[in-house]
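**Q**
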Amino acid sequence: MDRNLPIGILDSGVGGLTAVVQMNKLLPNESVIYFGDSKRMPYGNRENEEIIDLANRMIAYLERLGVKAILLACNTISSQLPHLKSSVPLFSIVEAGAKSVVCASEGHSSVGVIATCATVKNRTYESTIHACHPDVRVISNSSVSLPKIIDSELDNVGLLADKIKECVDPILQKDPHVKYLLLGCSHFPIIKREIGELYPDLIFLDPAKSQVSILRDYLEENNLQSQNPKRQILLYTTAETYEYAAAIKRLKLEIDMLMKVKLLEEDE
Ligand code: DGL
């Protein structure tokens with residue numbers, strides 16, 4: 019394995035850019051190739067078979083470009099990990115998120131998880147957290163519309179607040195003692211400020227942080243840290259590139275390239 023190859027990151031849309039933020043903090047020498055299938059997001063409202071097929075195509079795309087490992091920044095895709103095919107190591111954000119929940123809650127408290135419909139329906143966080151610690155009480159809720167709003171209507175303040183409350187309030191109604199809220203959809207750390215303003219007493223867990231630190235350990239253990247002094251961040255999307263402007267600005271990312279590409283034959 020060539021240690022100077024970039025790290026691949028994939029997501030259904032702009033959400034995985036939150037993993038790029040963590041890469042900048044924890045692995046600032048590693049180049050990144052990002053793939054966001056924004057044309058077909060939200061994945062969270064799709065059937066499992068379709069999610070698996072699209073994710074495998076994105077993985078194959080990144081493999082062709084040449085990457086040494088892939089971060090599955092999308093929780094919905096990570097929920098399908100056993101069905102994904104890759105010749106390079108895949109790092110699931112759900113496994114990383116479950117570890118951060120168990121560490122933060124010390125195995126006792128109730129933890130809230132907000133995620134997409136597919137992630138909640140598949141009960142992925144519950145089973146992954148309980149595999150590490152069976153006593154954590156996990157209360158999950160999904161939002162049909164929040165990821166899409168974050169992708170394309172990030173500045174619609176009133177709509178964002180309404181949809182955040184619709185998603186978080188039912189968790190606190192079930193258990194007012196919930197102290198930690200896991201942002202179990204890659205899009206949600208982008209609106210951490212807005213969620214924090216509405217729920218100042220909650221402590222937010224961003225699984226991308228622990229995902230990138232797991233990757234850092236892997237690179238260290240396998241002597242795979244990049245030695246290339248010219249680091250690059252390249253973004254590929256299946257939708258119009260202007261859709262990335264708001265998220266790139268909000269996350270204060272500096273990128274080297276943003277390009278529209280085809281994932282399926284029918285893509286324009
Ligand atoms: N990126 C997805 C996730 O982390 C959410 C957006 C979608 O539904 O496509 O689950």
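Those letters in the sequence shown? Residues 19 to 286, per the working numbering, in order.
Built from N, CA and C at the ideal position, the CB exists for glycine as well.
Three or more C-beta pairs closer than 8 angstroms, one from the region 165-181 and one from the region 64-75: is that the case here?
**A** Taking 8 angstroms as the limit for Cβ pairs, the verdict is that the region 64-75 does not touch the region 165-181.
**Q** From N74, L200, P46 and S118, pick the residue whose C-alpha is nearest to that of E272; which is it?
**A** Working through the sequence shown from its first residue, we reach residue 272 at position 254. Of the listed residues, the one whose Cα sits closest to E272 is P46.
**Q** State yes or no: is the C-beta of H205 nearer than 7 angstroms to some heavy atom of the ligand DGL?
**A** Position 187 of the sequence shown, counting from 1, holds the residue named residue 205. Yes, the beta carbon of H205 sits closer than 7 angstroms to at least one heavy atom of the ligand DGL.
**Q** Of all the options L220, H205, L172 and V175, which has the alpha carbon lying nearest to the alpha carbon of P194?
**A** Walking along the sequence shown from the start, residue 194 turns up at place 176. Comparing Cα-Cα distances from P194 to each of L220, H205, L172 and V175, the minimum goes to L220.
**Q** List the endpoints of the continuous beta strand (DSSP E) containing N159.
**A** Mapped onto the sequence shown, residue 159 falls at position 141. Segment R155 to S160, the beta strand (DSSP E) holding N159.
**Q** Which ranges would you report for the beta strand (DSSP E) in the region 45-107 if only whole runs of at least 3 residues count?
**A** The region 45-107 contains these whole beta strand (DSSP E) runs: 50-54 and 87-90.
**Q** Mapping the DSSP letters down to three states, classify M277 as helix, strand or coil.
**A** Taking the first residue of the sequence shown as position 1, residue 277 is located at position 259. In this structure, M277 counts as strand in the three-state DSSP scheme.
**Q** Use the C-beta contact count for V50: other C-beta atoms within 10 angstroms, 16 or more gives buried, fewer gives exposed.
**A** Within the sequence shown, numbered from 1, the residue matching residue 50 stands at position 32. Result: buried.
**Q** Pick helix, strand or coil for Y236, following the three-state DSSP scheme.
**A** Position 218 of the sequence shown, counted from the start, is the residue given in the question as residue 236. Three-state DSSP puts Y236 in a helix.
**Q** Considering only their Cβ atoms, is the gap separating L90 from S110 smaller than 8 angstroms?
**A** The residue you call residue 110 lines up with position 92 of the sequence shown. The residue you call residue 90 lines up with position 72 of the sequence shown. Cβ distance < 8 angstroms, so S110 and L90 count as in contact.
**Q** Cutting at 6 angstroms between CB atoms, please list the residues of its own chain near L28, excluding the five before and the five after it.
**A** Working through the sequence shown from its first residue, we reach residue 28 at position 10. Closer than 6 angstroms at Cβ, skipping near neighbours: F53 and M76.
**Q** Which residue or residues does DSSP assign as beta-bridge partners of D288?
**A** An answer regarding residue 288 cannot be provided, because it is not within the stretch 19 to 286 covered by the chain.
**Q** Have a look at A87 and A37 and give me their C-alpha separation to the nearest angstrom.
**A** Translated into positions along the sequence shown, residue 87 becomes position 69. Translated into positions along the sequence shown, residue 37 becomes position 19. Those two C-alpha atoms are separated by around 14 angstroms.
**Q** Got a sec? Which residues, its chain only, sit under 7 angstroms from S231 by beta carbon, not counting five neighbours each side?
**A** Start at 1 with the first residue of the sequence shown, and residue 231 comes out as number 213. The answer, listed in chain order, is L44.
**Q** What number of angstroms, rounded off, separates the C-alpha of P207 from the C-alpha of L201?
**A** Taking the sequence shown and counting its residues from 1, one reaches residue 207 at position 189. Taking the sequence shown and counting its residues from 1, one reaches residue 201 at position 183. P207 and L201: Cα-Cα distance of roughly 6 angstroms.
**Q** Please confirm if Y260 has its CB atom under 8 angstroms from at least one CB of chain C.
**A** Checking the listed chains, one finds no chain C in this structure; it contains a single protein chain.
**Q** Give me the Cα-Cα distance between E212 and S244, rounded to the nearest whole angstrom.
**A** Here residue 212 corresponds to residue number 194 of the sequence shown, with the count starting at 1. Here residue 244 corresponds to residue number 226 of the sequence shown, with the count starting at 1. Distance between the alpha carbons of E212 and S244: 36 angstroms.
**Q** The alpha helix (DSSP H) with I209 in it runs from where to where?
**A** The residue given as residue 209 occupies position 191 in the sequence shown. Here I209 belongs to no alpha helix (DSSP H), and DSSP marks it neither H nor E.
**Q** Quick check: I95 and A116, are their CB atoms within less than 8 angstroms of each other?
**A** By 1-based counting over the sequence shown, the position of residue 95 is 77. By 1-based counting over the sequence shown, the position of residue 116 is 98. It is not a contact, given that the beta carbons lie outside the stated cut-off.
**Q** Are the CB atoms of L276 and T256 within a distance shorter than 8 angstroms?
**A** As a first step, residue 256 is located in the sequence shown; it is residue number 238 there, counting from the start. As a first step, residue 276 is located in the sequence shown; it is residue number 258 there, counting from the start. No.
**Q** Start and end of the alpha helix (DSSP H) containing S118?
**A** Here residue 118 corresponds to residue number 100 of the sequence shown, with the count starting at 1. I111 to S123 is the extent of the alpha helix (DSSP H) around S118.
**Q** Would you call the CB atoms of I209 and I157 closer than 8 angstroms?
**A** The residue labelled residue 209 in the question sits at position 191 within the sequence shown. The residue labelled residue 157 in the question sits at position 139 within the sequence shown. Not a contact, by the Cβ cut-off of 8 angstroms.
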